[in-house]
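Below is one structure, written out as structure tokens; the observations come after it.
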Amino acid sequence: GAAAAGTMAGAAAVHAPNGFFAMGGGYEYPAFLGFVAAGLAVTGAGRYSLDHALGHVLDRHWMVPAALAGAGAAALAVVGSRNRRVGDSAEEE
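The opening position of the sequence shown corresponds to residue 6 in this note's numbering, with each subsequent residue numbered one higher.
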């Protein structure tokens with residue numbers, strides 16, 4: 006979930022210059038998917054998940070902050086990598 010949230014943050018950053026709404030190529034849909042992925046990272050997948058099948062052995066009190074930190078770190082890494090690539094391509098032109 007955290008890696009998917011980070012990837013969608015990068016996709017939203019790519020679409021940000023086009024505005025919010027997806028009809029105009031905006032970041033609405035990637036942002037929505039990112040929030041859903043972050044929600045899954047925080048709350049877990051539920052009854053039909055591997056966690057449930059294994060008896061919630063990884064369900065500890067520190068997992069929610071760790072999931073949020075992982076999602077934030079992944080988002081920073083993806084957006085930072087994108088910004089470097091955009092900067093490098095702008096310098097080449």
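All C-beta atoms, glycine included, are put in the ideal place defined by N, C-alpha and C. Computed from a predicted structure; not experimentally measured.
Status (buried if at least 16 other CB within 10 Å, exposed otherwise) for residue i
i, result
"P35", "buried"
"A71", "exposed"
For residue j and residue i, the rounded distance between their alpha carbons
i, j, result
"G29", "G92", "24 Å"
"W67", "G85", "27 Å"
"A27", "V19", "12 Å"
"A79", "F25", "22 Å"
"Y53", "E96", "49 Å"
"L63", "R90", "37 Å"
Nearest-angstrom Cβ-Cβ length linking residue i and residue j, presumed shorter than 8 Å
i, j, result
"G31", "R87", "That pair is no contact at about 17 Å."
From the options, residue whose alpha carbon lies closest to that of residue i
i, options, result
"A43", "R90, G75, A82", "G75"
"V69", "V62, Y53, H61, V47", "V47"
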